[in-house]
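Participant: Please find one structure pasted underneath; my questions will follow.
Written as structure tokens, this is what we have:
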């Protein structure tokens, strides 16, 4: 049974990799991911995120494609009592779909999967206090995500080593989860 689970996990990883390749993640016209996105799900190994994950709500991101392939990413993250706003410039690393920013710590972000229209999965790493933290995010053009995409995100997060406790679907602002 364990071998079957491992085989299915590896098959899923291969499928996602092939799907991203088929979708042209390496050749994707990055202007297709420009615009407003809702961050609808996350997986993280960061203790600070895990401690406050039940307080987090759906966040917003705006991606703008700049000259030379750089990306300007703006975040609006609701927190109890206020909305935090951040902006970073990400530069291509030379690896297809991967970008780097030194704003607020060394960060990389890699486009893992997208259909180029309705959703995108981003895997990010960040160096903080000598540790490398990992995060997977599901971006959606709308607040509503098809269940198939949410399940695909959860399965991919598990393949990347995130446990069930590290994966959560972000509730919409003003919505209290059951």
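In mature numbering (1 follows the signal peptide of the UniProt record, and there is no 0), the protein residues as written are -20 to -1, 1 to 158. For glycine and all other residues, C-beta sits at the position ideal for the given N, C-alpha and C. Remember, it's a predicted structure, so these values are computed and weren't measured experimentally.
May I have a chain-ordered list of the beta strand (DSSP E) segments no shorter than 3 residues that lie completely inside the segment 41 to 121?
Facilitator: 51 to 59, 62 to 72, 78 to 81, 87 to 94, 99 to 108, 111 to 120
Participant: Would you kindly check if the distance between the Cβ of residue 51 and the Cβ of residue 70 is under 8 Å?
Facilitator: yes
Participant: Contact between the segment 27 to 40 and the segment 54 to 66 is defined here as three or more beta-carbon pairs at a separation below 8 Å; is this criterion met?
Facilitator: yes
Participant: Between which residues of its own chain and residue 117 is the CB-CB distance below 6 Å, once the five residues before and five after are set aside?
Facilitator: 19, 22, 102
Participant: How many whole angstroms separate the CB atoms of residue 123 and residue 152, which I take to be in contact at a CB cut-off of 8 Å?
Facilitator: 5 Å
Participant: Per DSSP, what are the beta-bridge partners of residue 124 in this structure?
Facilitator: DSSP lists no partner for residue 124.
Participant: In its own chain, which residues sit with a C-beta less than 8 Å from the C-beta of residue 150, not counting the 5 before and 5 after it?
Facilitator: 19, 20, 21, 22, 36, 37, 38, 39, listed in sequence order.
Participant: Under three-state DSSP, which class holds residue 146?
Facilitator: helix
Participant: Have a look at the DSSP bridge pairing and note the partners of residue 32.
Facilitator: None; residue 32 has no bridge partner.
Participant: With DSSP as the reference, identify every bridge partner of residue 23, one or two as the case may be.
Facilitator: 116, 147
Participant: For residue 82 versus residue 99, is the C-beta distance shorter than 8 Å?
Facilitator: no
Participant: Please report how far the alpha carbon of residue 132 lies from the alpha carbon of residue 48, in whole angstroms.
Facilitator: Distance between the alpha carbons of residue 132 and residue 48: 32 Å.
Participant: Using C-beta distances below 8 Å, list every residue in its chain close to residue 145, excluding the 5 sequence neighbours before and after it, in chain order.
Facilitator: 30
Participant: Out of 111, 110, 104, state which residue places its alpha-carbon closest to the alpha-carbon of residue 140.
Facilitator: It is 104.
Participant: Taking the DSSP output, what are the residues bridged to residue 15?
Facilitator: 43
Participant: Would the beta-carbon of residue 239 fall within 8 Å of that of residue 74?
Facilitator: The shown model of the chain, from -20 to 158, leaves out residue 239, and the question about it has no answer.
Participant: Measure the alpha-carbon distance for residue 78 versus residue 10 and round it to whole angstroms.
Facilitator: 11 Å
Participant: Looking only at its chain, what residues have a beta carbon closer than 8 Å to the beta carbon of residue 63, apart from the 5 residues adjacent to it on each side?
Facilitator: So the list reads 56, 57, once near-sequence residues are dropped.
Participant: Can you say whether residue 13 is buried or exposed, counting buried as having 16 or more other CB atoms within 10 angstroms of its CB?
Facilitator: buried
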